[in-house]
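Below is one structure, written out as structure tokens; comments come after it.
Numbering (the working numbering), first residue to last: 24 to 507.
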């Protein structure tokens, strides 16, 4: 088993270091230049769009709002990686890794905009009236390559639906066991796994509307609790703040770090952990973005770009500050253990119990978002009715199994699967990005004219594969929402 794990780690390191990191950074820079820095100059527009209310449909059915889609994707983005992943990046890459994590978020937001705008444009309407979409759909409809869409759909279903949900469940169990050491080790893991599966079952069998309502509540709560907890640590160590900023910048550019190879480690860890955290360009968040009811595809592109900033510049940064201002001993410590130590040194032993609750909220909401990504792609692959209940049962089984023990090999396999998923998605959106930039020009032209932007497929009649965006119905809904 150790030999297999070592082999997987070697393959994973080469895949990310020599192929995926250059590709993700290059694509992000290209999208940033082509969009003239849309992810930064349109930041006020992002906040305006995310607060828009979705008008009711003519048949009375409620649709997923921009904010609902934002919380579904944020639920999958914001997980244990924000606590464990950032701490590990600092352990392996030093404080400078935080700077490169920030840079990855800034340029990665452009990739998030492109993929989510495309997902909105090429979404389809399901039998019950809800929208579905994502990379698999625009690979088939825009590129005309269904086989590529099926390949991506299988990859994301295995990665998020099974493997990542097992990892999230394992993390919840590990932190809870550390917080409650008096619990019996033989029964605690299985019992907690069954409980987590039962809670997840209540959410997933309700469909995407219930997923949206659950995450709409969970994500803001988990964000506020964790940010307040982190802010308390930072304020109690406020005199250390200038040193922390100096360490971050020095670790990213310092001569000593450059001579020792530390800068290279900081860049690699910062970019890699940043990508895993905010998922920009990986093709996961567009699955949630496509479910929203908006009047123009660009609106959801902007919302998902904002999600990248929310994940990295707020939640991940708070973890980094908590660890760096308290300066706990890094040797032999990684992940949630390091963050837990940092909190305990400042706030006391009770902080371990609070962190357990926070990790549960983060990980459980991620499990909901991960499940939805798999469901969307299962529906793309096949319409056979028995497949979806079978998928749900396997997801719940993965949660139980993930709570039982170590997932080292499975987590490393997940890295490989996620890397392959990013590779397929980026190679697809690079040629399709021209369509996203046409959509952006159309959106901005309408905003300059003082309009609430509305897209209909007859505005770009040369595009093929667009199922939704009917000229009559879309216009009516958009005008109703804008009060015109």
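All C-beta atoms, glycine included, are put in the ideal place defined by N, C-alpha and C.
Asked: Continuous beta strand (DSSP E) assignments of at least 3 residues falling wholly in the stretch 390-457; Found: none
Asked: Start and end residues, alpha helix (DSSP H) containing residue 331; Found: 320-332
Asked: Residue 51: first and last residue of the uninterrupted alpha helix (DSSP H) it sits in; Found: 44-57
Asked: Residue 316 - containing alpha helix (DSSP H), residue span; Found: Residue 316 -> no alpha helix (DSSP H), and no H or E assigned at all.
Asked: Contact test: residue 247 Cβ vs the ligand ADP heavy atom, cutoff 7 Å; Found: In terms of ligand content, the structure shown is empty, and the ligand ADP therefore cannot be addressed.
Asked: Close-in-space but distant-in-sequence residues of the same chain around residue 263 (CB under 7 Å, 5 per side omitted); Found: 348
Asked: Strand pairing of residue 147, partner residues [DSSP]; Found: 155
Asked: Cβ-Cβ separation, residue 341 to residue 258 (assumed contact under 8 Å), whole Å; Found: Not a contact, Cβ separation roughly 12 Å.
Asked: Secondary structure of residue 300, DSSP reduced to three states; Found: helix
Asked: Run of the alpha helix (DSSP H) containing residue 179, from where it starts to where it stops; Found: 169-179
Asked: Segment contact, 8 Å Cβ cut-off, at least three pairs: the stretch 170-190 with the stretch 403-418; Found: yes
Asked: CB contact flag (residue 391, residue 223, <8 Å); Found: yes
Asked: Rounded separation between residue 492 and residue 145 - CA only; Found: 9 Å
Asked: Straight-line Cα distance separating residue 124 from residue 334; Found: 11 Å
Asked: Neighbourhood of residue 51 by C-beta distance below 6 Å, restricted to the same chain and skipping five residues each side; Found: 130, 131, 133, 134
Asked: DSSP three-state assignment for residue 200, whether helix, strand or coil; Found: helix
Asked: CA-to-CA distance, residue 209 to residue 136, given in whole angstroms; Found: 46 Å
Asked: Burial state of residue 412 (16 or more Cβ within 10 Å); Found: exposed
Asked: Residue 388 (DSSP reduced to helix, strand or coil); Found: helix
Asked: Cβ separation of residue 449 and residue 47, assumed to be a contact under 8 Å, to the nearest whole Å; Found: 7 Å
Asked: Between the CA atoms of residue 168 and residue 74 - distance to the nearest angstrom; Found: 36 Å
Asked: Alpha carbon of residue 383 to alpha carbon of residue 108, nearest angstrom; Found: 16 Å
Asked: Which of helix, strand or coil DSSP assigns to residue 38; Found: helix
Asked: Sequence-distant residues of the same chain with beta carbon closer than 8 Å to residue 35, five excluded per side; Found: 435, 438, 439, 442
Asked: Short Cβ contact (8 Å threshold) for residue 142 with residue 403; Found: no
Asked: Residue interval of the alpha helix (DSSP H) (run including residue 349); Found: 340-349
Asked: Residue 346 beta carbon less than 8 Å from that of residue 361; Found: yes
Asked: Exposure of residue 148, with buried meaning 16 or more beta-carbon neighbours within 10 Å; Found: exposed
Asked: Local Cβ density within 10 Å of residue 221, reported as buried at 16 or more and exposed below that; Found: exposed
Asked: Own chain, CB closer than 7 Å to residue 410, minus 5 neighbours either side, in chain order; Found: 401
Asked: Euclidean distance between Cα positions of residue 213 and residue 197; Found: 12 Å
Asked: Reduced DSSP category for residue 477 - H, G, I as helix; E, B as strand; rest coil; Found: coil
Asked: Residue 270 - containing alpha helix (DSSP H), residue span; Found: 264-276
Asked: Inter-residue Cα distance where the pair is residue 216 and residue 271; Found: 38 Å
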